[in-house]
Every structure is written in structure tokens, then in C-alpha cells.
Amino acid sequence: MEATTITVTSEIRQICTMFHFGWIPKKDVPQLENYSTFCQVQEVFSVIGYEMVITPEWYVLRLKKEYDIDAFDVFHRRNRDFNRNHLAMINILFVKLILPKKMGTADEKEILSISFDEIFLNYGEKFRHKRYDSKTMIGGLLKVLKRYSFIVQPMVGAPVYQAGPSLYMLREDLLDKTYEVILRGKIDDITRAIEAEETNAEDISIGEMEV
2 MEATTITVTS EIRQICTMFH FGWIPKKDVP QLENYSTFCQ VQEVFSVIGY
52 EMVITPEWYV LRLKKEYDID AFDVFHRRNR DFNRNHLAMI NILFVKLILP
102 KKMGTADEKE ILSISFDEIF LNYGEKFRHK RYDSKTMIGG LLKVLKRYSF
152 IVQPMVGAPV YQAGPSLYML REDLLDKTYE VILRGKIDDI TRAIEAEETN
202 AEDISIGEME V
């Protein structure tokens, strides 16, 4: 296998070092609007296994699919604070904010958004919890996802959200895996509930026999 040799100028090196978190706001690197400069930066990251994703507001690095074999396991280790509810919300946000562009139903340059009210209206029942109401649950989930840059809130105080750079890093196959985890968890919950009901029924029957 031949080694790839590329020449990296000081300007390209400086731009590459700005991707501390895997993304950078477009406004911070106007140099990348130059096609030649962009291609050189893209080539550097390509050599080490990354591809550049252009979004309306960021340049985002994403691991190439051929190197992303255990993507879900890495994702889960990196985000240990996430439970099934967080994964479910990520799926909803991806479908609403990213997928329309991939499917061609929204312009690539359009910045899609979703409001808290829309999430609550359409998915509130799915996030009902024994201890918390749906609004509290949804608000808590969005707060965590905002902290991890899966969403951004463009206007302070306005409960409207747009896709953050972390959401652009995800692939559809990883989302398929998170959905499997969510579905498997729900099946486990149903199974436990059925087993609990059967146990209660047996206890009642035994009690009746003793009487």
C-alpha cells in the first residue's frame, strides 16, 4: 500500500487546528469559501479518515463510513449521560432537522427549526414519565442535548431549536442502531410489566386459596 504524501501550507495547517471540537462556525473561517483552500483542507482530513460536511452554519468533521464500524458503541461511550429517552429525542430531531435535506424535500441551505410546542404536541405522550409530566421531561432532554451541541437555540428565551453540529456528525445507520436500542428497551419494559401482572395474579390466586 502506497503512502499518501501531501504538502500542507502554514495557512492550511492553521485552519485544520481550529477544528478543536470537530466543527467550526463558517463565519470563523471565511478562507474556506475559496474552493482551492477548502479542497486542500478537505484533503488533509481525508488522509486521516475524516470527511467534511458543509452545513448552513458550520463546517463539520465526520468519520468516514469505512472507519465507522463501531460507531454506536463509540457514540454510547462518549455520551454516557444519555438514556433511551435522549436517543429517542435525537431520532426525532434528526428526522425533523436533517433528513428533509437528505431526502430533497428541503433546500440544502435552508436552516430548519422545530419549536418546543411542536415537539410537545406531536410527541408529548411518548415522553410521559411516572415522576415528571411530559413538558418537564422534554425540557430536560433538550437541555442535555443542547449542552452536547446536538441542537442550538438561536434566540435566547425563544423555545425554538435548530440542528447543532453534533447532529450533523451522525449517520443514518447509527440512528437505525439507536432506534433498535429504544425499541428493544420498550419491549423489555412491556415484558417486565406482563411478568409483574402475572406475578400479582398468582399472588391473588394463592391468597384466595389460603382463605
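Residue numbering for the sequence shown is 2 to 212, as defined by the numbering used here.
We put the CB at the ideal spot given by N, CA and C, even for glycine.
query                                                                                                                                                                : result
Going along the chain, which residues of its own chain have a beta-carbon closer than 8 Å to the beta-carbon of residue 138, five neighbours each way excluded?      : 86, 128, 129 and 130
Compute the distance between the beta-carbons of residue 164 and residue 98, then report whether it is under 8 Å.                                                    : yes
Closest by CA to residue 160, which one among 136, 82, 66 and 18?                                                                                                    : 136
Return the CA-CA distance between residue 100 and residue 35, expressed in angstroms with no decimal places.                                                         : 28 Å
Beta carbon of residue 59, beta carbon of residue 25: below 8 Å?                                                                                                     : yes
Name the one or two DSSP bridge partners that residue 152 has.                                                                                                       : 164
Considering only the alpha carbon of each residue, which of 19, 8, 66 and 56 lies closest to residue 111?                                                            : 56
In the DSSP assignment, what are the bridge partners of residue 64?                                                                                                  : 51
Per DSSP, which one or two residues make a beta bridge with residue 116?                                                                                             : 161
Just checking my contact of residue 42 with residue 7 at CB under 8 Å: how many whole Å lie between their CB atoms?                                                  : Actually they do not touch by this definition, with Cβ atoms about 11 Å apart.
Pull up the distance between the alpha-carbon of residue 53 and that of residue 123, whole angstroms please.                                                         : 33 Å
Do residue 90 and residue 142 count as a contact pair if the criterion is CB distance below 8 Å?                                                                     : yes
Would you call residue 170 buried or exposed, if buried means 16 or more other Cβ atoms sit within 10 Å of its Cβ?                                                   : buried
Less than 8 Å separating the beta-carbons of residue 9 and residue 19?                                                                                               : no
Does DSSP put residue 99 in a helix, a strand or coil?                                                                                                               : coil
Looking at the structure shown, is residue 16 part of a helix, part of a strand, or coil, going by DSSP?                                                             : helix
Can you tell me which of the three DSSP states residue 25 falls into?                                                                                                : strand
Where residue 103 and residue 166 are concerned, what is the direct C-alpha to C-alpha distance, given to the nearest angstrom?                                      : 16 Å
Here's a check: name, in chain order, each residue in its chain whose Cβ is nearer than 7 Å to the Cβ of residue 64, leaving out the five neighbours to either side. : 50 and 51
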